[in-house]
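Engineer: If you're matching them up, the sequences are chains A and B in order. With this note's numbering, letter number 175 in the first sequence gets 439, and the count goes up by one each step, no holes. With this note's numbering, letter number 100 in the second sequence gets 106, and the count goes up by one each step, no holes. Handing you a structure now.
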Amino acid sequence: MAVCIAVIAKEVCSYWAGTKACTPSTCGPAPYTFYLQVFGHFFFSPLFNQNYPLYIRSVPIQNELKFHYTVHTSLDVVEEKISAVGKAMADQRELYLGLLYPTEDYKVYGYVTNSKVKFVIVVDSSNTSLRDNEIRSMFRKLHNSFTDVMCNPFYNPGDTIQSKAFDSMVTAMMVQAS
Amino acid sequence: MMSPTQWDLPPELCCRPMAFVALTGLDVTYNAIHRAIWDAFCANRRADRVPISFKVLPGDHEYPKCRTKRTSYEWYIPKGILKTGWMNKHLNLVPALLVLFYELDWDDAVWKEKQSECATKVEIVRTSLQGRNTKVAVVLIQKKTPLPPGEDLVASERAASLCNACDLSGKSLFVLPHTDHLVGYIIRLENAFYEHAQTYYYTEIRRVKSHKEFLNKTTHQLLFVRHQFKIAFFSELKQDTQNSLKYYRTAYSLVHELRTHETNMLEIKTMAGFINYKICRLCFQHNTPLDAIAQFRKHIDLCKKKIGSAELAFEHTAWMSKQFQSFGDLFDEAIKLGLTAIQTQNPGFYYQQAAYYAQERKQQATHLCAHEASVSYPTPDHLETPSGALDFYGQRAWRQGHQSIDPPHMEKEKGGILALQMKEKDVPHSELIIALLSNAVAQFKKYKCPRMKSHLMVQMGEEYNHAKDYTKALKLLDYVMCDYRTERWWSLLTSILSTALRCSYLMAHVKDYITYSMELVGRASTLREEQKSRIEKNLIKVLMNEVPEAEPDCDQASAKAAQALWSDRMSLAGSNEFTIEVQDYVPFVQCKAKFLSPSFHVDDPVQLHVYLRADCPHPVRFSKLCVSLSNQEYNQLCVVEEPCKSQDILEASSQENMCLVPGKTRIYSFKFVAKTEDVGKKIEITAVDLMLGSDNGRCVFLNWRGGGGDAASSHEALLAARSFKSRGRVPEQHVEWDTVSIQASTMIISRIPKISVQLSHEPPALNNEMYRITVSIQSNEETVTKDVKLTAGLKPGQDANLTQSTHVTLNGLEMCDESHPALLPDIAIGDLQPGEKVEKYLYVRCVTTGARIFLFHVAYALSTKVEGKDITCKCHKDEIVTIETVVPFEVAVKFVSTKFEHLDRVYVDIPFLLMTDILSASPWPLRLVTSQLQLAPTMAAMDQPQSQVEQVVLQTGECASECFSLQCPPVLNGMSSVASGQYLISWKRKSWSADAPVVTTVATLPHVMVETIPLYVHAELPSFGRVRESMPVRYHIQNRTGLVQDVEMSVEPSDAFMFSGLKQVRLRILPGAEQEMLYNFYPLMAGYQNLPQLNIGLLRFPAVSGQLLRRFLPSRIFVKPQGRQADDASIAAA
């Protein structure tokens, strides 16, 4: 069955002003400050309001473009959900956004980290083996693995993810899901 | 709009059913009264009026014939679920109530005749409605206003007789007086009609329900559905929507219980669709949208798999599309009536899905209807029916009423299917899809789904492309492209660009073709290398004014047409020059321009680098690179040009200067001398143009606004700046593209002055003095500096008060005053030879204390040579110094008595002392030239006062004091405060020469209290006494009043003295007179001894105490010891 997993870069950094961990000096590329960025709020430039894919993979491959569109359009809902929570509540917000919207053929689920990196999972509507709990744990795994990627001092935040470990985790997840 | 298709829901299904009441006996064309009545029924049918649809029918109208009612269903086999005419029949043809209008007053002259005529008319309509339960009512149109009921005996009698004649119940006879209140009467009438109609539909429901007991489940399954549907529909006519919904729901579940097979699939789906539509509509009407959505989902889930005949699969998708579309319409309608939708649940999703099924339908249609040209539309037409319409909804025209599993006639079946397929071919699929997509776009726009909207617009664009409307396709694609570009979804952008490229190829739009190609071969494209290579080769062909190869996925015919178009373009002269603004794209050539420094001195050449890099698979040759600057005069200096021949374009040699090798950064450097007029101005790069192609082929200018960069570059630069890779060392000649940053502007600043300006002075400045600052200017230039000018003084832009209190002059010989300015501009100094030095003295007088900033600005002109060009540079040098101004000294003044006791007041005509202290606060020694006391008229000096501090030099912290003896003339009233005058101190710094002006500082003396006293006492005694030697003391007592004074005097005994004289006396002193008292004191002890105390009491002025008067008298005296003469001499010598 078709599955698509995507990691989307965050939009404007809303922590730019408030968080000390996010000053340009700490966000510099020197490896030892890098851990600080990950556990604090690392940022992409406040200049860019972008939601570009850091990682996107789907099975089967022949319908890839359609999945890309599905993931892209689901960002409308993700953004709306994030903004609906409001600034004050942002810290207590649950990361898992749940079912974003159902289409005839697919279910689209969303997850947003505290640093506003978005994960999107698309599964077949007919796939009844994946219920809310399974999706949740998939996201948690994805998040953990993503954190590992970010901890890599040779990974440049904002670049597309080309980690083998991340890749194999996603592959395993897709095999399990489909 | 499009004509209705078989998939559109019938209008009688979609309308809101209302009770049908027919009116007869009204002549609305020729009778004005009848017309008015009819208008009152029709006009203003707002929501507050009862839901009835009225129709005027002639008295002899023929109503649909009622078939004889079946008494048994035993041998009856139904032919279908619902007849196509049924809903319309009950909405528009069979009235629930028939109303006969008849003009008749109660007191009509020919009452009998009229009554029987009316009865006849009633009889006629009754006959034409035979077998129906339709009620009949009669309305008498009367000219007179009726009397209240019960009063008009004739009326009630005649009414009864009319009822009897027409066989009417009393409730069905109405009177309509034709008076002023027509509308009011009409509303009452229609409410009564409504009740009758309700009763009619109630009986109809009962009638249909009563059939149920005759039905059996094996043969009459279709009837179960039909009857439930009818009951539900009648309930709706009765406006009982709750029950209606219930019956429709039952009907819906019954329809799915029917046995389905290929032959009746369409009929079942059609009916299911109808009933579903009714349920959803009622749910929205009941404001339970979630129920509507749930029902619709259930409906779709149940029907999704009921495809029916595989050869007519497009019918299923068409039906599905229609289901979604009509639900979307219902949803949208409900929103218009006040329902609120949300982002994730809005009509847009349904339209989108409808569009999706429409797309699927199109695919299936192209697949299933791909008949060869030889196949023609079958004759006879199996789709034609004798009546021109179907009897039952959803049946096949060639086998109507047929309910068995297998088609009765295989030949007919094949013909029918072929006919349907042929018809499907003519359906404008793209048009349908685009209409649905644009509906969805409108919805998603409303519910804040910009990305969904973009996605649908891409689909619309693609559909236009399929429909060969390339202009519209490009318009839509262009519109959304930039959204995907800014969001950096390259995979999606690439797909859109590929479609756009195809469109522009097919239209032979050269500029668009080049623009899309440029982006597709660039770094944002996710195409494979061989694809890029193909596109680049095509691009090169276009640049050489040749026809590019067809894009893949173009059908043969279109490609051929495109080839022809391209050939036409080729032969067209002119219009072969294109400028493409690449800033907002991600083109295959990247450009970054930078000035090497953010500022250049005017005597240095301005240096500018343009970095170019190609991302395409093959090297590119360009023929011109030019940079436009904000001052266009420099533009000609920033051009690289090398016209290339066709050969060069084809086989770009990587060795050449004008060739860009993929992945390699090329630097083009420009150098020019800035104009002296541009000193202090900014020079900006306004654009960089790169010319591809040649003048004789096509040429394309890639134009970057500002210093280059494109839609993706700023993000890349940011990532690169953070990248660990940027830390690594790169070899000198190799330029790391990402590390190059754009510097689009530079400042032209003046030449560095080679001149020294030195200031020497002795800070701080003293208040009011002429403070001297020595400015020494020395030229270190190698040539003559011309026209040297000095501007000196208070730096402008400080506190305005400082300008008022600062005066600057070059003349140090006299004090300057208010007429002198605070800043001396452009003091001409003339030319300076190399190494020559000039000194200037500037005198500053600061009237107030505080810090001031002084500016010394030296400007000059100089001729020099830059890059072999002579230029005259203006140079200047600024020196700024902050000078503090302080007071030179503090002046303290005090009044003391002649005994140097502090006085808080002085007494008239009694001398006192004025003491002044000048305390130097200056860090530099001061010379007090002189001092002067200018007394006020209320003060008088005891003698000619002379300055005692003349030519005194004060070091820091030293103090100079003076003492003046003064006296106050009498004052008018006993006591007042009087002015004392001024104290003038003339001074200068000790270091100054004699001809330097003297500064005079004025200190105002304080006011002092003056008091008159009534009695004055003073003593006359020797300066010292000697033990055991008598000494005379004389006390003078003056009466200073105009009265005779009684004075009591006593002398207190003392251990140190014996004395003779009056010990206690009381005496009287005349006005202005003086009394003298003589005592002989005989000292007993040596040293400072207190004199015997003299007590004076004034009887008239008890306030003047002895204490006060004693102040004027000495209290003690020095008594020398008794000794030898020699001792005396020694003491006198000391």
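For every residue, glycine included, the Cβ atom is placed at its ideal position computed from N, Cα and C.
I need the straight-line Cα distance from B:Glu-390 to B:Ser-122, nearest angstrom please.
Structural biologist: In a straight line, the C-alpha of B:Glu-390 is about 51 Å away from that of B:Ser-122.
Engineer: Could you tell me which of B:Glu-768, B:Gly-354 and B:Met-93 sits nearest to B:Lys-996, measuring between CA atoms?
Structural biologist: Among B:Glu-768, B:Gly-354 and B:Met-93, the Cα nearest to that of B:Lys-996 belongs to B:Glu-768.
Engineer: What's the gap between the Cα of A:Asp-412 and the Cα of B:Cys-455?
Structural biologist: Approximately 33 Å, taken between the alpha carbons.
Engineer: In angstroms, rounded to a whole number, what distance separates the CA positions of B:Thr-815 and B:Thr-745?
Structural biologist: Answer to the nearest angstrom: the Cα atoms are 57 Å apart.
Engineer: Keeping to the same chain, check which residues put their C-beta closer than 7 Å to that of B:Met-945; ignore five residues upstream and five downstream.
Structural biologist: Same-chain partners within the cutoff: Leu-972, Cys-974, Ser-986 and Gly-987.
Engineer: Return the residue from the list B:Phe-584, B:Pro-593, B:Met-513 and B:Glu-430 that minimises the CA-CA distance to B:Glu-525.
Structural biologist: Closest by alpha carbon: B:Pro-593.
Engineer: Report the option in B:Leu-442, B:Leu-110, B:Ala-324 and B:Phe-333 whose CA atom is closest to the CA atom of B:Pro-295.
Structural biologist: Among B:Leu-442, B:Leu-110, B:Ala-324 and B:Phe-333, the Cα nearest to that of B:Pro-295 belongs to B:Phe-333.
Engineer: Check whether the Cβ atoms of B:Lys-677 and B:Gln-613 sit closer than 9 Å, and answer yes or no.
Structural biologist: Yes, the Cβ-Cβ distance between B:Lys-677 and B:Gln-613 is below 9 Å.
Engineer: Could you check where the beta strand (DSSP E) with B:Ser-629 kicks off and where it finishes?
Structural biologist: Counting along the chain, the beta strand (DSSP E) containing B:Ser-629 begins and ends at 626 to 635.
Engineer: Does the CB of A:Glu-344 have a neighbour CB from chain B at under 9 Å?
Structural biologist: Taking Cβ atoms only, chain B reaches closer than 9 Å to A:Glu-344, which makes this a yes.
Engineer: Would you be able to state if there are at least three C-beta pairs under 8 Å between the stretch 439 to 452 of chain B and the stretch 360 to 377 of chain B?
Structural biologist: Because the criterion of three Cβ pairs below 8 Å is met, the stretch 360 to 377 of chain B and the stretch 439 to 452 of chain B touch.
Engineer: Measuring straight from C-alpha to C-alpha, what distance separates B:His-233 and B:Lys-89?
Structural biologist: Cα-Cα distance, rounded: 12 Å.
Engineer: Just to make sure I have the definition right: I need the residues of chain A whose C-beta is within less than 7 Å of the C-beta of B:Met-458. Which are they?
Structural biologist: Under the 7 Å cutoff, chain A gives Thr-337 and Asp-340.
Engineer: Could you check whether B:Leu-861 and B:Leu-800 sit closer than 9 Å to each other, using their CB atoms as the reference points?
Structural biologist: Yes, the Cβ-Cβ distance between B:Leu-800 and B:Leu-861 is below 9 Å.
Engineer: Is the Cβ-Cβ distance between B:Gly-664 and B:Glu-648 less than 9 Å?
Structural biologist: The sequence given here places Met at residue 664 of chain B; Gly does not occur at that position. Yes; because the gap between Cβ atoms is below 9 Å, this pair is in contact.
Engineer: Please identify, using Cβ separations under 8 Å, the residues of the stretch 364 to 379 of chain A that lie next to chain B, in order along the chain.
Structural biologist: Cβ contacts with chain B come from Leu-364, Tyr-365, Thr-367 and Glu-368.
Engineer: Sort out for me which residues DSSP pairs B:Met-945 with in a bridge.
Structural biologist: BP columns for B:Met-945 are empty, so no partner.
Engineer: Within the continuous beta strand (DSSP E) that includes B:Tyr-362, where are the two ends?
Structural biologist: It is not in any beta strand (DSSP E) - B:Tyr-362 instead sits in the alpha helix (DSSP H) that spans 353 to 374.
Engineer: Give me the DSSP bridge partner(s) of B:Val-794.
Structural biologist: B:Gly-836, per the DSSP bridge assignment.
Engineer: In chain B, which residues lie with their C-beta within 7 Å of the C-beta of A:Asp-423?
Structural biologist: Neighbours of A:Asp-423 on chain B, chain order: Leu-725.
Engineer: Under a three-way DSSP split, which group does B:Thr-224 fall into?
Structural biologist: DSSP places B:Thr-224 in coil when its eight states are reduced to three.
Engineer: DSSP state of B:Ser-986, grouped into three classes?
Structural biologist: DSSP places B:Ser-986 in coil when its eight states are reduced to three.
Engineer: For A:Met-433, is the beta carbon positioned less than 8 Å from some heavy atom of the ligand ADP?
Structural biologist: The ligand content of the structure shown is nil, which means the ligand ADP is not present either.
Engineer: Which ranges does the alpha helix (DSSP H) cover as unbroken runs of at least 4 residues, wholly within the stretch 967 to 1040 of chain B, from first to last along the chain?
Structural biologist: Whole alpha helix (DSSP H) segments, 4+ residues: zero.
Engineer: Are there 16 or more other CB atoms within 10 angstroms of the CB of B:Leu-1105, so buried, or fewer, so exposed?
Structural biologist: With fewer than 16 other Cβ atoms within 10 Å, it is exposed.
Engineer: With respect to the alpha helix (DSSP H) encompassing B:Arg-164, which residues constitute its N-terminal and C-terminal limits?
Structural biologist: 159 to 172 is the span of the alpha helix (DSSP H), which, as asked, contains B:Arg-164.
Engineer: DSSP beta-bridge partners for B:Val-781?
Structural biologist: Partner(s): B:Leu-765 and B:Lys-846.
Engineer: Could you work out which residues of chain B lie near A:His-332, taking near to mean beta carbons separated by less than 9 Å?
Structural biologist: Near A:His-332 (Cβ distances below 9 Å), the residues of chain B are Trp-495, Ser-497, Leu-498 and Ser-501.
Engineer: Any beta carbon of chain B sitting closer than 9 Å to that of A:Pro-317?
Structural biologist: Answer yes: the Cβ-Cβ gap between A:Pro-317 and chain B drops below 9 Å somewhere.
Engineer: On the criterion of 16 or more Cβ atoms from any shown chain inside 10 Å, does B:Lys-598 qualify as buried, or is it exposed?
Structural biologist: With 16 or more Cβ atoms within 10 Å of its Cβ, B:Lys-598 is classed as buried.
Engineer: By the DSSP assignment, the alpha helix (DSSP H) with B:Lys-118 in it spans what residues?
Structural biologist: Note, B:Lys-118: alpha helix (DSSP H), 117 to 134.
Engineer: Which runs of the alpha helix (DSSP H), 4 residues or longer, sit entirely within the stretch 445 to 522 of chain B?
Structural biologist: Here the runs fully enclosed are 456 to 472, 476 to 492 and 496 to 513.
Engineer: Using a Cβ cut-off of 9 Å, pull out every chain A residue sitting near B:Cys-881, in sequence order please.
Structural biologist: Near B:Cys-881 there are no residues of chain A at all, since even the closest Cβ is about 39 Å away, more than 9 Å.
Engineer: Helix or strand or just coil, what does DSSP make of B:Thr-891?
Structural biologist: Of the three classes helix, strand and coil, the one that applies to B:Thr-891 here is strand, per DSSP.
Engineer: Could you compute how far the alpha carbon of B:Asn-222 sits from the alpha carbon of B:Val-214?
Structural biologist: Between B:Asn-222 and B:Val-214, the C-alpha separation is close to 15 Å.
Engineer: What does DSSP give as the partner residue(s) for B:Asn-1086 in the beta ladder?
Structural biologist: Answer by DSSP bridge pairing, in chain order: B:Pro-1038 and B:Ser-1066.
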